[in-house]
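Asker: Below: one structure in structure tokens.
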Amino acid sequence: MNNTRQRLKKKIKYNTVFLFFMTFLLSSNINAQSTVIEGKITDAAGLSLPGVNVQEKGTKNGTSTDFEGSFKINVTSNKAILVISYLGFQTQEVSVAGKARVNVSLAEQSNSLNEVVVVGYGSVKKTDLTGSVSTISAATITERNTTNALEAIQGSTPGVQISSSTGRSGDGFKVVIRGNNSLIGSSPLYIVDGVPTDGIDFLNPQDIARMDVLKDASSAAIYGSRGASGVIIVTTKSGISAKSGISVSYDTSYGTKTAARLPKMMSGEEWWKFHQVAYMSATPATQTPAQLATLAGNQSPLLVSRANSGYNFDWYDAVLKTGMTENNYLNISGRSDSGLSYNLGFGVQSDKGLIDNDSTDKYSFKLGLNHKINDKFSTGANVTIARLDTQLGSDLAMQDAFRLSPLMSPWAVDAAGNEKVGTLFFLPGKLTYPDGSWAINKTSTVNPLIEIANSSQTEKTWQTVGNVYLQYQPMKWFSFKTTFAAGIENTVTSTAYGAQTNAGVTLNGKNSASIKNFNNFNYTWDNQIDLKHTFNNVHDVSVLLLQSLYSNIDETSYLYSNNQPFDVGSNNMGSGVQTSYNLSSGYAKNTLSSYAIRLNYTFKDKYLLTASNRWDGSSVLSKDNKWQNFPSVALGWKISKESFLENNLVISDLKLRASLGYTGNDNVAPYTSQALLNQQTFYANGANVVSGWQSENLANQQLTWEKTRELNFGLDFGFLKNRISGSVDVYDRLSDKLIYKQQLPSESGWKNTYSNVGSVSNKGVEVLLTTKNIKSKNVNWETTFTFTKNVNKLESIYNQDKVSDIGNKLILGSELNPNYNYVYDGVWQESEAAQAAAYGMAPGQARPKDLNGDGKFNQDDRTVIGNANPDWQGSLYSKLTVGQFDFNFSVLTSQGQTVLSTFHQNFADVSDRGRQKLAMDYFIPTNGTGIPANANNTNPRPGPVATGAGAYWTSLFGYYRDVSYVKIKNISLGYTFNSELLKKLRMSNFRIYINVLDPFVFTKFDGYDPEWAGSAFGVNRPASVTTQLGLSVKF
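Throughout the sequence shown, residue numbering follows mature numbering (1 follows the signal peptide of the UniProt record, and there is no 0), covering -32 to -1, 1 to 1003 in sequence.
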């Protein structure tokens, strides 16, 4: 904390110097004005509004209100008109009319319905929106104080499923909009300041001004071939919203992360009992279970003595640590009298995980410039530069961390069996005395402390996105804008594994290392014409004409070697054995040429029409299938504008929407439709080995676009002066010509080819409801609910809808990637011995369900188990402001999802005798060993498959778990200091807060965290609770 205070003092010092410098540069002489006007701006409740824009109409002369809502401005004439504008309130024009003081009360925009919504290559008022688009404000994005913007908006938008991929720092989040609609990936298209990106993990959330999610096809169709899975448009902060003068803000927070809701594992006593049962002979034996488990004690004498002494080592305590989060952000913005506005942001974020070598450090720089050159020309530029240093550690860290039994510790022992704390044992799962004889000989699990300390997997990324534009508007109804946007990414992934790690053991005690370079450069050049005009005050028409060119280049290189003389990581790979070298490189380029037109028409501000079409030409498809068009049409009816609802005291807003649109997907690697060559090794001329090339896949010149048709109906509503507001959307989406890597008969000479093979549907409903429960001068309370239900179904495969492809889990009538297996029906009991025998099984073995009742178990008894995707999801957000205190919390829920739990595969596997297990009940047969029988029906008998759980246990059918949950995502309490104190400190705002992330989860799942229960085991992490203390200050 002392280091943090010192850094904060330094930053404030440097910021002060920088503030003076910027003031000197951007200030200009202001001629004396003829009239001085003072005033105060408040809302309808009389509350002061700080930061309100006050501008003299027709000039560049302007100012903004202070924390008290007061302003002072020099105007050119006593007949001047002041334009008062503030986000969320209706803009007003006030005549000075010789007055020396002007006080204005701003009316709030009803439910922000006049808010502008970004819809791709433009924007519309929310009241005129005909598609399904959700807008997320900067305040929402930063409220949870996370280092990842996607986590910040989790649960805030209906229809958008956001989930952590592993819980590991740096692994990011998975986003699906309105269900999975492709076999080659259903990630949405991200557009950051005009640049398509693979994600937004590199962004600092505080650099984001807004996010707009285009969910239906009519909205996303303007992005054509890339919009089938939805579009997330990210707009970073620019100089457009900057106020006159200079504003400086600084945000900082520090937090700790602690492991939470750790699964209960077996104690030393419980594990020793399990271990003996696992070695219990199926027939009468001369040795006891303890003797069988330790080979008469000859190979694990220390195991027996520790079991008898009540030894119990806590592996959680040995492996897990307290993590940390830190966030520092400095923002400087302003506007000069010359018309130049700017926004400058610097961010440093750090996230340390629950184990060593698990961290992410992010450094960001953001610059936004806008300049109105004259009445016709304006220009601007945005650039974001980010550096990410991510330590991922070993992919097997958590797998090894808790696999060793509680009768083992990470420490070596002396000749008497006493632990040598601080000295790690090296043999995988095997402990020896100093003379080399066995102390404990169990499993092959690597010492987790060695695995974690000697495994390095780092990603170092530089990523830059930016754009520059020039706009020419010679007439009010015509404008031309050209924009050039580019993205650059360089990622270096390096790995290094010591000789005593899992990787080292696989190489017979050799260390290894690798380096992978990834470089990407892409650019988009957009040229657009906007035509807008109102005819006879009833016909509002706007037309967009667009020409776009996109180019993307990926370059990769890879180097691997092993058996370096020293464990020095990936910086000395040339010292490895040359015969182990693995070198490769790659280059891929794809382009997209596009044209689009969009028409927006409004009649009498009641009836709305939006129609668009986009033509895309993609280089990844053959010339005969290169071009495709993507049309859309949407209608809207503002019912509340009709005479029969005018001045209605209950209904404030009511609008119907309907839309139909087509989008596409060409998300396949470049050259996919062509026959590629692959290097092969052949034997020729006897024993001579030669290298050559052969075709790797069968070319498919008929490969074409995946195409999605979506029908959407929506209702926007507001009641009681919009104290209750929201929307309901119902959609029907069909994605056809799914691209799939299809296996070919061996007789063809090729392994596979990419083909268009099927179709999938997504049908669902989305609900958003906001209630303003209390709205007064000192107390405000607002609540928002969301609800999402989506049904995903494979409609056809291989151009037919009768026969499923079981081997590839393409099950007609089911969702994509379903859980397809036998149904676990408990354990055969001893009283059912005869019935079990009829199926060729025995008591204690796992029992599948005989679904077709034919008296035998076979592949015909497999079926779809539960829902691989949530049946429904919801969220609740509530914010209460009382005086200067503010309190908010958010709740997420996901219900009706079943996954194959990788945690239970590792820790509930009764056929694995030597490793640690989840504290669980299991079947114990009647025996004469002194161990009581247990007629358990949850988990089968421990031991080898043949004598224990039975052959069907290997199908993994006993590891499916319901991962429904209710999660308190965050709880925050803040206090904003009073204005009198801030005036003395020359501040406009000062707030302190405490924030807690993921404090509670309510679930039946007994693994790490239900949110990432299906992720690969080893990389996933235990759940954690983050407690943060922060402050925000603005000058």
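Ideal Cβ placement from N, Cα and C applies to all residues, glycine included.
What residues in its chain sit with their C-beta under 7 Å from that of S377, if we drop five residues either side in the sequence?
Answerer: Walking along the sequence shown from the start, residue 377 turns up at place 409. Excluding positions up to five away in sequence, the list reads F281 and E387.
Asker: Output the distance between the C-alpha atoms of M(-11) and R954, rounded to the nearest integer angstrom.
Answerer: Stepping through the sequence shown from its first residue, residue -11 is reached at position 22. Stepping through the sequence shown from its first residue, residue 954 is reached at position 986. Because the pLDDT of M(-11) is 39, which lies under 50, any placement of that residue in the model is unreliable, and the number read from its coordinates should be weighed accordingly. Spanning the two alpha carbons is a distance of roughly 18 Å.
Asker: Only counting the same chain, and skipping five residues up and downstream in sequence, which positions put a Cβ closer than 7 Å to that of T226?
Answerer: Stepping through the sequence shown from its first residue, residue 226 is reached at position 258. If we look at T226 and ignore the five residues flanking it on each side, its Cβ neighbours are T290, S992 and V993.
Asker: If G88 and I208 are in contact, beta carbons under 8 Å, what's the gap, nearest whole angstrom?
Answerer: Looking up residue 88 in the sequence shown gives position 120. Looking up residue 208 in the sequence shown gives position 240. About 18 Å; that fails the 8 Å criterion.
Asker: Can you list, in chain order, the residues of its chain whose CB lies under 6 Å from that of K(-24), leaving out five sequence neighbours each side?
Answerer: By one-based count along the sequence shown, residue -24 stands at place 9. The pLDDT assigned to K(-24) is 45, lower than 50, so where the model puts this residue is not dependable, and the model offers no usable value.
Asker: Does DSSP put N874 in a helix, a strand or coil?
Answerer: Within the sequence shown, numbered from 1, the residue matching residue 874 stands at position 906. It is helical.
Asker: Roughly how many angstroms separate the alpha carbons of V747 and D854, rounded to a whole number?
Answerer: Translated into positions along the sequence shown, residue 747 becomes position 779. Translated into positions along the sequence shown, residue 854 becomes position 886. So the two alpha carbons sit approximately 10 Å from each other.
Asker: With three or more C-beta pairs closer than 8 Å as the rule, is the region 335 to 353 touching the region 130 to 149?
Answerer: Contact between the region 130 to 149 and the region 335 to 353 is absent, because fewer than three Cβ pairs lie under 8 Å.
Asker: Under 8 Å, do V62 and N46 count as touching if we go by C-beta distance?
Answerer: Against the sequence shown, residue 62 aligns to sequence position 94. Against the sequence shown, residue 46 aligns to sequence position 78. Going by C-beta atoms, V62 is not nearer than 8 Å to N46.
Asker: What do you reckon, are the CB atoms on N904 and Q865 nearer than 8 Å?
Answerer: In the sequence shown, the residue the question calls residue 904 occupies position 936. In the sequence shown, the residue the question calls residue 865 occupies position 897. No, these two residues do not count as a Cβ contact at 8 Å.
Asker: Nearest-angstrom Cα distance between A919 and T861?
Answerer: Here residue 919 refers to the residue found at position 951 of the sequence shown. Here residue 861 refers to the residue found at position 893 of the sequence shown. Between A919 and T861, the C-alpha separation is close to 37 Å.
Asker: Of the residues I152, F141 and K67, which one's Cα is nearest the Cα of N724?
Answerer: Numbered from its first residue, the sequence shown carries residue 724 at position 756. Looking at the Cα atoms, I152 is the closest of the given residues.
Asker: Determine the DSSP secondary structure at V245, reduced to helix, strand or coil.
Answerer: As a working mapping, residue 245 is identified with position 277 in the sequence shown. The answer is helix: DSSP assigns V245 an H, G or I state.
Asker: What did DSSP end up calling R194 once you bin it into helix, strand or coil?
Answerer: Start at 1 with the first residue of the sequence shown, and residue 194 comes out as number 226. Residue state, collapsed to three classes: helix.
Asker: Counting Cβ pairs, one atom from each stretch, are 3 or more of them under 8 Å apart for the region 606 to 620 and the region 686 to 695?
Answerer: The region 606 to 620, when compared against the region 686 to 695, does touch it at the 8 Å Cβ threshold.
Asker: For the beta strand (DSSP E) that contains K500, what are its first and last residues?
Answerer: Working through the sequence shown from its first residue, we reach residue 500 at position 532. Start and end: S480 to F503.
Asker: Please say whether D219 and S1000 have beta carbons closer to each other than 8 Å?
Answerer: Taking the sequence shown and counting its residues from 1, one reaches residue 1000 at position 1032. Taking the sequence shown and counting its residues from 1, one reaches residue 219 at position 251. In this structure, D219 lies closer than 8 Å to S1000 by Cβ.
Asker: Which residue wins for smallest C-alpha separation from T426, given the options K740, A467 and T328?
Answerer: To locate residue 426, count along the sequence shown from 1; it is residue 458. When only C-alpha atoms are compared, the closest one is T328.
Asker: For my contact list, Q129 and Q841 are in at a C-beta cut-off of 8 Å; report their separation, rounded to the angstrom.
Answerer: For the purposes of this step, residue 129 is identified with residue 161 of the sequence shown, where counting begins at 1. For the purposes of this step, residue 841 is identified with residue 873 of the sequence shown, where counting begins at 1. Contact flag correct, Cβ pair sits at about 6 Å.
Asker: Taking all protein chains shown into account, do 16 or more other C-beta atoms lie within 10 angstroms of the C-beta of W661, making it buried, or fewer, making it exposed?
Answerer: To locate residue 661, count along the sequence shown from 1; it is residue 693. So W661 counts as exposed.
Asker: First and last residue of the beta strand (DSSP E) that includes Y792?
Answerer: Within the sequence shown, numbered from 1, the residue matching residue 792 stands at position 824. First-last of the beta strand (DSSP E) with Y792: Y792 to V795.
Asker: Grouping DSSP H, G and I as helix and E and B as strand, with all else coil, what is V636?
Answerer: The residue labelled residue 636 in the question sits at position 668 within the sequence shown. Coil, per DSSP.
Asker: Give the range of the alpha helix (DSSP H) segment to which D285 is assigned.
Answerer: Stepping through the sequence shown from its first residue, residue 285 is reached at position 317. D285 -> alpha helix (DSSP H) spans W283 to V287.
Asker: Is it buried or exposed for A914, if we count other Cβ within 10 angstroms and need 16 for buried?
Answerer: Along the sequence shown, read from residue 1 onward, the residue named residue 914 stands at position 946. Result: exposed.
Asker: Alpha carbon to alpha carbon, what distance is there between V759 and L819?
Answerer: Mapped onto the sequence shown, residue 819 falls at position 851. Mapped onto the sequence shown, residue 759 falls at position 791. Spanning the two alpha carbons is a distance of roughly 25 Å.
Asker: Would you mind reading off the limits of the beta strand (DSSP E) that contains R178?
Answerer: Residue mapping note: residue 178 aligns to position 210 of the sequence shown, counting from 1. Its beta strand (DSSP E) spans residues I176 to L182.
Asker: For I104, tell me which candidate among W239, V931 and L182 has the shortest Cα-Cα distance.
Answerer: In the sequence shown, residue 104 corresponds to position 136, counting from 1. It is L182 whose Cα lies nearest to the Cα of I104.
Asker: Assuming V72 and I52 make a contact with CB atoms under 8 Å, what is their CB distance in whole Å?
Answerer: As a first step, residue 72 is located in the sequence shown; it is residue number 104 there, counting from the start. As a first step, residue 52 is located in the sequence shown; it is residue number 84 there, counting from the start. Right, their Cβ atoms sit about 5 Å apart.
Asker: Check for me: the beta strand (DSSP E) holding P816 runs from which residue to which?
Answerer: Here residue 816 refers to the residue found at position 848 of the sequence shown. That run of the beta strand (DSSP E) goes A814 to P816.
Asker: Select from D161, V636 and N665 the residue whose C-alpha is nearest the C-alpha of L645.
Answerer: On the sequence shown, position 677 is the one that residue 645 refers to. That would be N665, whose Cα lies nearest to the Cα of L645.
Asker: Quick check on this structure: which residue in S516, G127, S641 and R625 has the alpha carbon closest to the alpha carbon of Y722?
Answerer: As a first step, residue 722 is located in the sequence shown; it is residue number 754 there, counting from the start. Of S516, G127, S641 and R625, the residue nearest in Cα terms is S641.
Asker: Helix, strand or coil for V64? Go by DSSP, reduced to three states.
Answerer: Stepping through the sequence shown from its first residue, residue 64 is reached at position 96. V64: coil per DSSP, three-state reduction.
Asker: Is the distance from the Cβ of G37 to the Cβ of L17 below 8 Å?
Answerer: In the sequence shown, the residue the question calls residue 37 occupies position 69. In the sequence shown, the residue the question calls residue 17 occupies position 49. Cβ distance < 8 Å, so G37 and L17 count as in contact.
Asker: Smallest Cα separation from Q873: which of G982, T906, N458 and I483?
Answerer: As a first step, residue 873 must be located in the sequence shown, where it is residue number 905. Looking at the Cα atoms, G982 is the closest of the given residues.
Asker: Taking one C-beta from the region 149 to 164 and one from the region 592 to 608 each time, how about it: are there three or more such pairs within less than 8 Å?
Answerer: These segments do not touch.
Asker: By how many angstroms is the C-alpha of S447 removed from the C-alpha of N495?
Answerer: For the purposes of this step, residue 495 is taken as residue 527 along the sequence shown, with counting starting at 1. For the purposes of this step, residue 447 is taken as residue 479 along the sequence shown, with counting starting at 1. If I take the Cα positions, the gap works out to 11 Å.
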